[in-house]
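Protein chains: 2
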Amino acid sequence: MSRVDHLSTTFAALADPTRRAILARLADGEATVGELAQPFDVSLPAISKHVKVLQNAGLVEQGRQAQWRPCRLRPEPLREVVAWMTRYREFLGVSFDRLDGYLAELQGAGPQHNDVPERPAAADHRDVPEKTEPNGETP
Amino acid sequence: MSRVDHLSTTFAALADPTRRAILARLADGEATVGELAQPFDVSLPAISKHVKVLQNAGLVEQGRQAQWRPCRLRPEPLREVVAWMTRYREFLGVSFDRLDGYLAELQGAGPQHNDVPERPAAADHRDVPEKTEPNGETP
DNA sequence: TCATCACTTTCCCTAACGGTTAATTAACCT
DNA sequence: AGGTTAATTAACCGTTAGGGAAAGTGATGA
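Chains as they are written, first to last, in this note's numbering: chain A, 74 to 212; chain B, 74 to 212.
Following this line, the structure appears as structure tokens:
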């Protein structure tokens with residue numbers, strides 16, 4: 074499994090609009106696989122596989138509540154992407170500011186986000202893509 | 074061609090270590106396809122195809138100098154990635170600072186980088202990956 | 001003119017991706 | 001038990017990606 078480097082796995086996981094929409098949904102809070110699937114026009118197994126791809130990339134963590142498997146976002150891979158991008162911050166002419174220093178200092182110790190609900194309660198999904206247009210890309 | 078959205082194409086292009094190494098090399102300045110190929114252990118056609126992928130993603134622009142095709146980095150797609158990432162800046166607990174405002178203001182008008190050499194002069198390549206380990210990921 | 005250099009394109013192969021349906025696992029509820 | 005719900009796994013399918021070898025393109029220059 075995953076014989077390529079971390080960053081490639083992460084970018085590959087991000088290279089799919091459905092998966093990015095799933096991440097966008099999870100940025101609003103935990104969700105079960107079924108809840109994640111609901112906005113899309115594809116089968117549940119398809120979504121399950123997408124979640125697994127995100128999981129393999131470390132972007133998503135799955136818990137267990139009875140028969141539900143609530144998913145949550147994990148920050149590390151995205152931080153690695155940011156770290157990679159800082160190589161180009163000068164070229165981009167974009168203010169990454171003290172970002173790289175920040176990252177160096179903060180290696181792997183993310184904000185804790187620890188609130189485990191009794192049951193996977195469906196969070197409101199503003200910003201969730203349409204049934205046939207799985208986007209979630211324009212806030 | 075390219076029936077998927079811009080961002081997916083960009084992420085897919087970035088999901089390959091050889092391609093990222095090529096970008097890293099180009100961040101140091103223009104290079105011909107042959108120069109780009111030199112550090113790697115794959116055939117020239119393979120590199121040519123990688124360059125084409127980067128080109129389709131808008132990450133690289135190719136000029137024409139006689140029989141050479143000097144390549145240069147283009148900033149827009151990476152900026153789109155940064156813009157996409159800002160959605161998660163709060164979650165990441167990372168200082169993107171006034172980045173999104175900056176991006177909004179600067180829509181598509183990048184820094185100009187206009188110096189076209191007489192001939193494609195090989196730039197020094199510090200930071201270029203080893204022959205059998207096409208990385209270029211650790212500055 | 002004709003060889004050479006720098007790429008690109010074509011063809012072929014294998015492996016992986018994204019999707020489907022059907023079957024399976026696992027926990028809950030009577 | 002038996003049935004329902006939630007999700008994963010398995011098997012399959014068509015498409016795409018990445019690699020090589022070999023042929024093609026186009027400008028250079030003897």
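Think of the CB as a built atom: it goes at the ideal place given N, C-alpha and C, for glycine as much as any other residue.
Of the other Cβ atoms in all chains shown, 16 or more fall within 10 Å of the Cβ of P150/A; this residue is therefore buried. Here the alpha carbon of Q135/A sits roughly 14 Å from the alpha carbon of I120/A. Proximity of chain A to L87/B at the Cβ level (cut-off 7 Å) is accounted for by F84, in chain order. With respect to the C-alpha of Y161/B, the residue from A100/A, V77/A, R93/A having the closest C-alpha is A100/A.
Secondary structure at E134/B: strand, using DSSP grouped into helix, strand and coil. In the DSSP secondary-structure assignment, A119/A is not bridged to any residue. Contact between S81/A and D89/B holds, with the beta-carbon distance rounding to 6 Å and staying under 8 Å.
In this structure L127/B is in contact with A86/B, their Cβ atoms being roughly 5 Å apart against a cut-off of 8 Å. When DSSP assignments are scanned along the region 77–106 of chain A, the uninterrupted stretches of alpha helix (DSSP H) that are 4 or more residues long and fall wholly within it turn out to be 79–87, 90–100. Taking a beta-carbon distance threshold of 8 Å, S121/A does not count as an interface residue toward chain B. Shown here, R160/B sits in a helix according to DSSP, grouped into three states.
Under a 10 Å Cβ-count criterion, R147/A is classified as buried, with 16 or more other Cβ atoms of the shown protein chains found around its own Cβ. Per the coordinates, the alpha-carbon of A156/B lies some 16 Å from the alpha-carbon of G131/B.
The bridge partners DSSP lists for R145/A are E134/A.
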